[in-house]
Structure formats: C-alpha cells, structure tokens
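Q: Quick mapping for you: the protein sequence lines, in order, are chains L and B.
Counting in my numbering, the first sequence runs from 165 upward without gaps.
Counting in my numbering, the second sequence runs from -12 upward without gaps.
Handing you a structure now.
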Amino acid sequence: MADMTASDVPAPLAPPRLSGALAFAARRAEGIVIPLAALIAGMAVFSLFLLALGKSPAQFFELMWRGGFGSWFSVQNALLRATPLLFAALCVALPARLGLTVIGGEGAIVLGGVAAAAFGHWLSGLPSPIVIFAMGLAAMIAGGIWIGAVGALRHYRAVNETISSLLMAYIAIALMNQLVEGPLRDPASLNKPSTHPLDAAYRIGPIPGMDVHWGLAVGVIACVACWVLIDKTRWGFAARVAGGNVRAAQIQGLAVGPLIVGFCALAGALAGLAGMFEVASVQGTANASLAIGYGYAGILVAFLARQNPLGCIPVAFLLGGIAAAGGLIQRRMGLPDATILVLQGMLFIVVLMSDTLYGRFKVFNPDRWKRAG
Amino acid sequence: MSKAVAVEAVGMTMRFGAFTALDDVSIKVPAGTFHALLGENGAGKSTLVKCMMGFYTPTEGQMVVDGKEAVIASPKDADRLGLGMVYQHFTLVPSLTGAENLVISREDAPKVIDWRWERRQLADFMETMPFKIPLDQPVSALAAGEKQKLEIVKQLYLGRRFIVLDEPTSVLTPNEAEEMLGLVRGMTKRGDLTVLMISHKFHEVTAFCDDVTVLRKGKRTGSGRIADLDRKTMAAMMIGDQPIATLDSRAATPAEAKPVLTVTALKAKDRTGLKSIEVDGLSVRAGEIVGIAGISGNGQKEFLEVLAGQRIREGGEIRVKAAPYASTREQSRNLNVRFIPEEPLRNACAPKMTVAENISFRTFDLGRNGKPAAWVSARAIRAYAAKLIEQFKVKTASLSSPIQSLSGGNVQRAVLARELTGDVDLLIVSNPCFGLDFAAVAEIRARIMKARNGGAAVLLMSEDLDELMELSDRILVMSDGALVYETPIATADVHVIGEHMAGHH
Chain L
165 MADMTASDVP
175 APLAPPRLSG
185 ALAFAARRAE
195 GIVIPLAALI
205 AGMAVFSLFL
215 LALGKSPAQF
225 FELMWRGGFG
235 SWFSVQNALL
245 RATPLLFAAL
255 CVALPARLGL
265 TVIGGEGAIV
275 LGGVAAAAFG
285 HWLSGLPSPI
295 VIFAMGLAAM
305 IAGGIWIGAV
315 GALRHYRAVN
325 ETISSLLMAY
335 IAIALMNQLV
345 EGPLRDPASL
355 NKPSTHPLDA
365 AYRIGPIPGM
375 DVHWGLAVGV
385 IACVACWVLI
395 DKTRWGFAAR
405 VAGGNVRAAQ
415 IQGLAVGPLI
425 VGFCALAGAL
435 AGLAGMFEVA
445 SVQGTANASL
455 AIGYGYAGIL
465 VAFLARQNPL
475 GCIPVAFLLG
485 GIAAAGGLIQ
495 RRMGLPDATI
505 LVLQGMLFIV
515 VLMSDTLYGR
525 FKVFNPDRWK
535 RAG
Chain B
-12 MSKAVAVEAV
-2 GMTMRFGAFT
8 ALDDVSIKVP
18 AGTFHALLGE
28 NGAGKSTLVK
38 CMMGFYTPTE
48 GQMVVDGKEA
58 VIASPKDADR
68 LGLGMVYQHF
78 TLVPSLTGAE
88 NLVISREDAP
98 KVIDWRWERR
108 QLADFMETMP
118 FKIPLDQPVS
128 ALAAGEKQKL
138 EIVKQLYLGR
148 RFIVLDEPTS
158 VLTPNEAEEM
168 LGLVRGMTKR
178 GDLTVLMISH
188 KFHEVTAFCD
198 DVTVLRKGKR
208 TGSGRIADLD
218 RKTMAAMMIG
228 DQPIATLDSR
238 AATPAEAKPV
248 LTVTALKAKD
258 RTGLKSIEVD
268 GLSVRAGEIV
278 GIAGISGNGQ
288 KEFLEVLAGQ
298 RIREGGEIRV
308 KAAPYASTRE
318 QSRNLNVRFI
328 PEEPLRNACA
338 PKMTVAENIS
348 FRTFDLGRNG
358 KPAAWVSARA
368 IRAYAAKLIE
378 QFKVKTASLS
388 SPIQSLSGGN
398 VQRAVLAREL
408 TGDVDLLIVS
418 NPCFGLDFAA
428 VAEIRARIMK
438 ARNGGAAVLL
448 MSEDLDELME
458 LSDRILVMSD
468 GALVYETPIA
478 TADVHVIGEH
488 MAGHH
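The following block contains the structure:
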C-alpha cells in the first residue's frame, strides 16, 4: 500500500526537538497541575469549614505541617501511615486502567491480614523466611481471589464492579469477624477478639535507620512495578486499549476477560499485602482493627494520583502526613477526630469535580498552540 | 386545501464564537417547487435549515415568506407561517397508532378527545392525500417507508405547506424512496406543497428536484435549475477543486480462487436478545468483494460482531482458509484477517489514547523480529505510526494527539493505515464511508478495491446500495437476520435487491 491514490496532504509531523520536548512536558503537566490545584482548592473549602467552626485555618495547617511533615519524627509517622495507602491505592489504580472503578480494597486488606495471621500461626516453628513468605503468599492469594472475583463478575456476568466490590468488602469484614471470633480466635484475647499473636520471629521489622517497617519499601517497589507493567509491557498496553474502548480491544482479538480478571486479581493481591504488613509489622495479630478505612483512603489516593501508580507514592505520603497530624490537631485545637475525615471528603469531592477540567486549558494542549499565533 | 408557501432566506450568517458556520447564504424556494440542498458533512446545510426554522437565531440574515418579510424567532413562529421539518430519524411514538400520532401532534388537541369524530376528520383528510397509510395500526408495525410517509402526512395535517426533508431516504429501500419522492414531487407540481430536501444522493436530486443550492464550508458555491446542471458540475460545486481518488479497474477474479471465508449455519442472538440471526452458506473467495446489503437493523451488525469476536456465537462454524476461526488475536494474525468496522472511533479506536498508540493496536505486542515480545517500545510505536501516517496521509497535529481530536475522515484513514498494512487475506468492512466527506469516501473505496485486486477476500457490509453496486463482485441481501438473496454484480438490479431488503419475497 505504499503508493497513493488520493490528495496531496503534506506530512504535518517532524517538529523541532525543543518544541517537541515542550509539548511532551505540557501534556504531562496537565495531570500534575490540575490535581495540585484541586488539592489547594479543597483545602480552601475546608478552611471555610474551619472558620464556620470558629477555628483558625492558619493554625490548622501549621499543625498539619508540624504533625505530618515538619520533623524526621513526623515524616516517619507519615510514611508509616502512607504504607497501607500505597497498596490500597494500587487496588484502585490497576482496575481503573481497564475502565473499572473498584472501591472495595478494604475487603482484600482485611482478608489478606487474616490469611497472613492464620498461616503465621499454623506454620509456627518453621524457619522465619519460609513462614514470612508463606504469609505474604497467603495474603496475596486471599486478596487476589476476592477482587479477582469482582472482575470476573463484571466481565462474565455484567455485574457492576463498583457495587459488587463494596458489597464484597462488607462480606469480607463479616467473614473476618466470624473467623477471629470463632475458629481462629486466641482464647487469651478477651476484650478484643484476635488471632493468636504472631511469634516475634515472624514479625517484619523496621527498615534500618528508620522506625518504618519494610512494607514501605515493598509498597514503593510495587508502585514502580505497576507503573512499568502498565506503561512498558504489552499486557499494560492491552489493558489500556481495553480500558479505553472494550469494543476496539475485542476487534483486535485481545483477551479482554483474562485481562480484567488478571488485573483485578493483581490489584486484590497487592491490597492483601497491605493487610499482611499490618499484621506482621504493626499489630502482630489480626482483629477488627484491620478494617479502619485504609481501603477507602486508598480510593482518594488513587484518584488524586490520576490512577497513575507512580503518582500514588507522593500522594500517599501527603495523605499519610495529614492523617499523622490528626492526633496533634485534635489535642491542640479541640477538634474531633472526624475532622480529618471531613478534610479527606472535601478533597475527594473537589478532585472528582476537577475531572471536568481536563482538556479545557490550551496551555496543556500543544495541538492548539499554533492556531493562537 | 391551502396552497404551497414560497420561502426565501436572505444573507444568512451564523457564527458560533469565532467559527463561522454559515457565511452570507441566500436561498430562494418559490411556491410549489422541489428544491435540493446539497453539501458535504459540515458544509452548513443543517445550520441553514435550523436558522430558517427558528431553532437558531442567525447572527445576520432575513426570512421572506410568501413575499413578506417574516421574523422567525422560534419553531412556533415557523409553525404559524406553515413551515415544518421532517427529521432524518423518526419522531413518531412507536406504540401509538398513526391516527393517535397525528392527533396528539396537534397543538390544539382537546383535553378529552372524541375519537370517533377525529377519525372521521382524518378519513376526510386522507382522501386529499396521495399517500395511503394504515392509520389504525401501531406505528411500530409500519415499514420504514410508511413511517416516512406518515411523517410527511403529519406535517401536512398540521397545516404546513413548506417542508424541509432532512435526508429522507437514508433509511428506505430504493423502491420505497422512489415511491415516496414521486408522491412528494406530485404534490409540489400540483402546487400543494413546497419542499426543501437535504440530500447527498445525486440520482435522487436529478430525478425529482427542480432547483438546487450547493453549500461548501458554510458558503453558497452554486445554485440553479437541475435541468441546466449535470452531476459533475454539482459535484465540483460541492467539493471544490480537491483531487478525488479514482477506483482501480477491477482485476478478474481467478477462476480457481479458493474460498477464504466460509460461514456455515452460524447462529447468534441479535441486539435485543429475543431473536436470532442465522447466516448460512456464505463464502468469499480470494480477489473478490462480496457485498451484503440490508436495511439497518436486519442483523448485519450482529453478524460482524460475531466475526469480530464482540458477540458470542451460539452455533455454526466460521472457517478462514479452511481453518476454524474463533476471532483470537493469534488466529487473525496468522490468517491475516482484518476488520474495518463502522464508526471507527466507537468501534476500532480508544478515543483518548494517542494517534500513534491507536495505529499500533495490531502490532504493539510484536518485537523487532516479529515475534511476540513482553516489552512495548514507545519509540518503535512512534516510528511505525509516523511511517503509516505519511503513507496514508492522516492529518494530525502530532503523534501524541488523542485520536478523538481528529476529523472523521482522518480517524478512518488511521484505522485503514493500521488494518491495510502488511499482507491482507481477508478484509471485513462495515459501512466504511458512513458520515465521511467526498474525498475521504473516494479514497477509502479506492483502497478497498486495491486490497481486492491485491488478492484479498473482501466482505463488505453496507447500508449504501450505491457503494455496494460500485465495489462488489457479488451482492447478498440480509433481511430479518438471514441471507435471503444473492446475485452477481452483472445481473444485479437495484429494485430487485430493494424488494428483498424489504422482505417482500
């Protein structure tokens, strides 16, 4: 088909190098500038809320800085809280590339934690690397099955994944309560039913030089790996095609079903890891404290990061810091604990609204630059 | 019955922001004439008509009705002056009968309707109409041609004596179209009606209309009596002096050419899930184009979806070059099967992904050696796309632009570039020219013919009979989910095909 039959259109391409780089930067900048602006706008709205309560926004943000980011101590605290958010955010961001809105990562976290605690107890006595590996694997399988099932329901039975993942999360929490109060209960846990405490040998310690456990490193690696998967591999490309237009993917013969189930299972497996680290590094046992909303905070992280796994890293840190400052703000300003949730909610709404701004600014669209001149 | 209305628009200009959709266009339609409005997509035909009917308020320009200056600020004003419009798509309520549709469309319909009296009135009214339509059946039971006639009758019933018909024959068979246009022609000749018809079918315009006005890019590029103009002149007015691709002459299909696609007893659910389509005994040989004609909604879409793997096959067999075919990526790659579905942005592209990525959908998972590779190279994708964009003359601001920012013709060119590069043994095409401009249509048809002459077996589904007559070696008709008629192109007769399309056999 090299020879042409039709009109003589000059090839429009081959821009000079500098403007090419500029155009590249401009297209990328849109996904950074708009969420940042939304974040600032959300905080401004929250300031109005504080003013209405008769509190000082300046003091609030000063305390937030001090409690979340101002010292090495508070940074570590922020990182500690960011760790489960990394995994939880990936549980949203991966399916999102296929066009799925999965909001039930909480369920995979909870089940991952229970599975890890159970295997840690059952394999008690074996060498610790083996047990820790088995705990991680069990957590990933449990979480993977849970969210993988959501993907399968979606593709093969046309069940809305947003609703089903949310309902599956409730089932998971109920299942955990059932297990923790029943077959897996440590009889010694009286006030708060829990699984048998994990042997010290099977607990995962801090990264050398920090108070933050290894989960942080694994989470960051997972984010980078997911970015590589989506941006650099053929499976990621196929997922983006399917997410962009499932009919186009089908007509290209891409295996849409396995892609959806696979990405969902991977997403759930990563969320399961978050539960495993909560058990192995933080709590030492699985109990109701696993379901404290990491999965839902992860939705906010993923949306702020525009479903970009790399973006999840700084955003998780930011929200981890805000959460870390919660105690300080509560004590100093006499604000209830839920204040941070109000802030998160407002940020989320503003970020969702900012979605309508994409493609509206000429600065970010090199295609429209020339016509202005 | 009141008489036809003369309508004239003078100096119509319509600006949307910085964009001028209509630039000082005048059109004069004397009472009792049948006037054609020609132009490509985006030439400003609907903008002009909407300005005339009061849907838009023109930036500048005036309306003259029956020689008097008229202010048409809303469709209500147009209605009062006896101006009406029939849309391309039906606006009747399918569950109501024709009579009910007519009565409820009246602005002065009483709160309590005396049906017996209304029916008598309607019967008297229908006596004066050349159209015979059963008014006591639900509209959903009527054929497309009858619905179109009912739409026109509705306008007359509402007292309109100047009617705009917006591509009225796009959903009709040739026979229905000719009958309907003939009746309309008769009414204009008797002076009962004035008609302005938006069309892009030259043969209808030359056969039925008195005068023509041609628009291009918002400007009037010509007008006159049909009798004084030939097709070529009108086409030149429509498209300007841009070069148009010509079809290669048809190479003879070798007598020993093997069937590439065979479909046996294929069964699948249709769109509603209530009925099935059944396609049996279809075979397409190398080096021939088999056209499938049919009115939209008779199972062609579902058939293509089954072939493309978008719809589940419930039975039967598809073979490509004697191998069973299940629409997997490996099979279509190994057997060189390519698809060009209709509405490419909706069916063959991911609108928000870049032009380069969209062009690489078929090849992104292959390494340099042509073997499947795990890693996708953005550089290779861009280089490949740049090459194809140049070869196929896709007009895009850059490789990184989202493909949805391209015009329809260029999206289709990008899809053709992707699907027609490399060896093609089986090409399955559906309405490839839907909504595209003249130059793009000619170019795309030329490419399909070229693929055929290059030895590809082509299955072409189209709702445009002219397109099928121009390209096909054989024509099959699909009606009610099955192939009901077959004819070689040499003996193909538009009217016979039309009757089979309508299911009259």
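By construction, the Cβ of each residue, glycine as well, lies at the ideal position given by its N, Cα and C atoms.
1) Which stretch, first to last residue, makes up the alpha helix (DSSP H) that contains tyrosine 458 of chain L?
2) Residues of chain B with CB under 9 Å from threonine 265 of chain L, in chain order?
3) Nearest-angstrom Cα distance between aspartate 53 of chain B and glutamate -5 of chain B?
4) Among the candidates L:Ala185, L:Asn409 and L:Asp519, whose CA atom is the shortest distance from the CA of methionine 340 of chain B?
5) Kindly list the residues whose CB is nearer than 7 Å to the CB of glycine 173 of chain B, restricted to its own chain and excluding five residues on each side of it in sequence; keep chain order.
6) Excluding the 5 residues flanking valine 471 of chain B on each side, which residues of the same chain have their C-beta closer than 6 Å to its C-beta?
7) Could you compute how far the alpha carbon of lysine 437 of chain B sits from the alpha carbon of phenylalanine 425 of chain B?
8) Do arginine 369 of chain B and valine 381 of chain B have their C-beta atoms within less than 8 Å of each other?
9) Does the beta carbon of glycine 296 of chain B come closer than 8 Å to any beta carbon on chain L?
10) Does any residue of chain B have a CB that is nearer than 8 Å to the CB of alanine 316 of chain L?
11) Please decide whether valine 363 of chain B counts as near chain L, where near means a Cβ-Cβ distance under 8 Å.
12) Could you list the residues in the region 329 to 342 of chain B with a C-beta less than 8 Å from some C-beta on chain L, going in chain order?
13) If we call anything under 8 Å between Cβ atoms a contact, is alanine 433 of chain L one with glycine 231 of chain L?
14) With DSSP collapsed to three states, give me the class of isoleucine 305 of chain B.
15) To the nearest angstrom, report how far apart serine 387 of chain B and leucine 407 of chain B are at their CA atoms.
16) Could you tell me the alpha carbon to alpha carbon distance between tryptophan 236 of chain L and serine 385 of chain B, rounded to whole angstroms?
17) Going by DSSP, what residue range makes up the alpha helix (DSSP H) through phenylalanine 348 of chain B?
18) In or out: serine 541 of chain L buried (at least 16 other Cβ within 10 Å) or exposed?
19) Let me check one thing: in DSSP terms, what residues is arginine 325 of chain B bridge-paired to?
20) Spatial neighbours of valine 314 of chain L within its chain, please: CB distance less than 7 Å, with the 5 preceding and 5 following residues excluded, ordered by chain position.
21) Out of B:Val445, B:Lys55 and B:Leu332, which one is the CA nearest neighbour of leucine 393 of chain B?
22) Residue range of the beta strand (DSSP E) that alanine 252 of chain B falls in?
23) Is histidine 360 of chain L helix, strand or coil by DSSP?
24) Kindly indicate the opening and closing residues of the beta strand (DSSP E) around alanine 280 of chain B.
25) Return the first residue and the last residue of the alpha helix (DSSP H) that arginine 434 of chain B is part of.
26) Indicate the three-state DSSP secondary structure (helix, strand or coil) for tyrosine 43 of chain B in the structure shown.
27) Is there contact between the region 221 to 230 of chain L and the region 403 to 418 of chain L, where contact requires at least three CB pairs shorter than 8 Å?
28) Looking at chain L, is there any beta carbon in it that lies within less than 8 Å of the beta carbon of arginine 366 of chain B?
29) Cα separation between alanine 495 of chain B and glutamate 105 of chain B?
30) Does DSSP classify leucine 180 of chain B as helix, strand or coil?
31) Listed in chain order, which residues of the region 411 to 423 of chain L have Cβ atoms closer than 7 Å to some Cβ of chain B?
32) At the level of alpha carbons, what is the spacing between arginine 367 of chain L and isoleucine 456 of chain L?
33) Any C-beta of chain L sitting closer than 8 Å to the C-beta of arginine 316 of chain B?
34) CB glutamate 301 of chain B to CB proline 311 of chain B, shorter than 8 Å?
35) Give every residue of the same chain whose Cβ lies closer than 6 Å to the Cβ of alanine 178 of chain L, excluding the five residues on either side of it in the sequence, and list them in chain order.
36) If we count the other Cβ atoms within 10 Å of its Cβ and call it buried at 16 or more, is histidine 22 of chain B buried or exposed?
A: On the basis of the supplied data:
1) 458 to 468
2) Neighbours of threonine 265 of chain L on chain B: none; closest Cβ ~16 Å, over 9 Å.
3) 8 Å
4) L:Asn409
5) Pro117
6) Val464 and His487
7) 18 Å
8) no
9) yes
10) no
11) yes
12) Arg333, Asn334, Ala335, Cys336, Ala337, Pro338, Lys339 and Met340
13) no
14) strand
15) 22 Å
16) 46 Å
17) Counting along the chain, phenylalanine 348 of chain B falls outside any alpha helix (DSSP H), and DSSP gives it neither H nor E.
18) Nothing in the structure corresponds to residue 541 of chain L, since chain L is present only between 165 and 537.
19) B:Leu414
20) Val266, Gly268, Glu325, Ser328, Ser329, Met332 and Cys428
21) B:Leu332
22) 246 to 256
23) coil
24) 276 to 280
25) 425 to 440
26) coil
27) no
28) no
29) Lying before the first or after the last residue shown, residue 495 of chain B is absent from chain B, which here runs from -12 to 492.
30) coil
31) Arg411, Ala412, Gln414, Ile415, Gln416, Gly417 and Leu418
32) 21 Å
33) yes
34) no
35) No answer about alanine 178 of chain L holds up, because its pLDDT of 47 lies below 50 and its placement is not dependable.
36) buried
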